[in-house]
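In this note's numbering, the protein residues as written are 53 to 487.
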Amino acid sequence: MKVAVIGTGYVGLVQGACLAHLGHDVWCVDIDAQRVAELKRGEVPFFENGLPELVSKEVEEGRLHFTTQLTDIVRGEMPEVVFLCLPTPYGQDGSCDLSYIETACRDLGTIINESAVVTIKSTLPPGSNNKIKQWLGNDQIDVASNPEFLREGSAVADFLGPDRILIGVESDHARDVLTRVHAGIDAPVFVVSPETAQLAKYASNTMLASRLSLMNEIANIADYVGADIKDVEKIVGSDPRIGDKFLRAGAGFGGSCFPKDVLALEHTARQHGYTPRLIQPIIELNRDQPLRFVDLIKRRLNGVNGKRLAIWGLAFNKNTDDVRESPALAIAHALLDAGAVITVFDPRAMTSARRELGDRVEYASSALNAANDAEALLVLTEWDDFTQVPWAQVIGYLRAPIVFDGKNFLPHDELRAQGFSVHGIGLWQAPSDQA
Ligand code: UDX
């Protein structure tokens, strides 16, 4: 089946490579000529497990093509489906900026006909499809919604083995095309209206984000009442109605999706005349959570002005080089504003972090180098590398054996046994460990 994908960012490239892997003839378009040249050589401009290998293989075997020319997608034959995988950034008020989608649709409308189903992968507010039809300039073209549920770091595996496939369509033709394009993937398929698909996507991310904010809030309470959040998480998660996934408290969650989609749901509801009461606090709590952690660090170190601190982990999640909305950056900026001198290390995200932190911090070539002579170590991303470091050596590098664990994931008992003073979020400590 001939397929076009517009936009080769994180969503589009995973989409294109995985559909080629399923056997389709895939044409990916991007306006960035340098990116397209790199992709043709099989070079992926960001870190995602398994993606470079998949892109190289599919390019080599002739199923995956990259171009800067939109008209290339209609050469020979019309694609049966065109996936739009373009950014939909949000403004301060949470509104979704659809300008990239608009430009692409206006161009697309001049070259495709009704046999192609225009399918939106980008996360869009429910009810956007009418605008898309207007921009296409042809209301006979099917506009469908097919939201993604990919986690950065495991996006290829998530695409090929998803929990569900969500298809929002208005016609049998669109349903048929989108069902066929996913043939070969073993997962339940939900066929609903475009509005339901779009709301379900916002609802999924808002539900996950609310779990995290609620658990973070309970962790903050644990600090006050002297309870241990790690045990609370296990006890709460053992109820099958709740489940134990996505319950780990920490210094805030990040990424390109949760904050954006939660705000956009709030904004969409307001635009339609409904004022949500539960959604705004999810975002407010998450904005404050890294700063609470900074307060803890300042209290424990009696201020940070002039003090050298090490940060391990800048990416918002492990297995990615993405630092968008990363709590690690919020923590770094707040500590720098308070006068700290910071050296950072991340196994993958040094280049992307440099774009955000610039010359404000020093960049180390290894975790141990970052720790050298620091008065405390902050571990802010759950990279496996950081659980596997030789902690006995780390203690020799640090000026003081103090660790702040922003993800509550390190082996705390082990570290304490080795002489570290360990701090996290909502971790109960025997008074003897609190020094
Ligand atoms: C998320 C959704 O999971 C995905 O379905 C959607 O399509 C896009 O948004 P992603 O942002 O890539 O994916 O990563 P995810 O694994 O969901 O993590 C988001 C944030 O939550 C990270 O900062 C992570 O560290 C944090 N998190 C996750 C926690 O703080 N605690 C947890 O228990 C789980």
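Where a beta carbon is used, it is the ideal one built from N, C-alpha and C, also for glycine. Small disclaimer: the values here were computed from a predicted structure and weren't measured.
- Residue burial annotation: Val-277 is exposed, with fewer than 16 other C-beta atoms found within 10 angstroms of its C-beta.
- Classified as buried, Thr-171 has 16 or more neighbouring CB atoms from the shown chains inside 10 Å of its CB.
- The region 53–64 and the region 199–207 touch, with three or more beta-carbon pairs separated by less than 8 Å.
- Three or more Cβ pairs drawn from the region 172–190 and the region 125–139 lie within less than 8 Å of each other, which places the two stretches in contact.
- When the five nearest sequence neighbours on each side are left out, the beta carbons in the same chain lying within less than 7 Å of the beta carbon of Ala-156 are those of Ile-58, Leu-136 and Leu-138, in order along the chain.
- Residue state for Arg-360 is assigned as strand, using DSSP reduced to three classes.
- Placement of the Cβ of Leu-264 at a distance of less than 8 Å from at least one heavy atom of ligand 1 is found.
- For Arg-300, the Cβ falls inside the 8 Å cut-off from some heavy atom of ligand 1.
- Exposure of Tyr-326 is indicated by the presence of fewer than 16 other C-beta atoms within 10 angstroms of its C-beta.
- In this structure, Val-78 sits near Arg-115, with a CB-CB distance shorter than 9 Å.
- The region 206–267 contains, as complete alpha helix (DSSP H) runs of 4+ residues, the segments 207–212 and 224–233 (chain order).
- In this structure, the alpha-carbon of Ala-226 lies about 44 Å from that of Leu-432.
- For Phe-201, the distance from the CB to the nearest heavy atom of ligand 1 is below 8 Å.
- For Gln-186, the closest of Glu-204, Gly-161 and Val-284 by C-alpha to C-alpha distance is Gly-161.
- According to the DSSP secondary-structure assignment, Leu-429 is paired through a beta bridge with Ala-362 and Val-455.
- Classified as exposed, Lys-297 has fewer than 16 neighbouring CB atoms from the shown chains inside 10 Å of its CB.
- With fewer than 16 other Cβ atoms inside 10 Å of its own Cβ, Met-259 counts as exposed.
- Two segments are said to touch when three or more pairs of C-beta atoms, one from each, lie closer than 8 Å; by this definition the region 368–379 does not touch the region 462–476.
- Rounded to the nearest whole angstrom, the CA to CA distance from Ile-184 to Ser-151 is 11 Å.
- Distances from the CA of Ala-207 to each of Gln-67, Glu-90, Leu-366 and Glu-95 were compared; the closest alpha carbon is that of Gln-67.
- The three-state reading of DSSP puts Cys-148 in strand, counting E and B together.
- Between Ala-301 and Met-267, the C-beta spacing is below 9 Å.
- Taking 9 Å as the cut-off, the Cβ atoms of Ile-335 and Val-356 do not count as close.
- Look at the region 180–208 and you find these whole runs of beta strand (DSSP E), each 3 residues long or longer: 195–197.
- Per DSSP, the unbroken beta strand (DSSP E) holding Lys-54 starts and ends at 54–58.
- In the DSSP annotation of this structure, the continuous segment of the beta strand (DSSP E) that includes Phe-397 starts and ends at 393–397.
- For Ile-172, there is no enclosing alpha helix (DSSP H); the enclosing beta strand (DSSP E) has its first and last residue at 169–172.
- When the alpha-carbon of Ala-69 is set against those of Asp-84, Val-195 and Ala-209, the nearest one is in Ala-209.
- Only buried fits Glu-204, as 16 or more other CB atoms lie within 10 angstroms of its CB.
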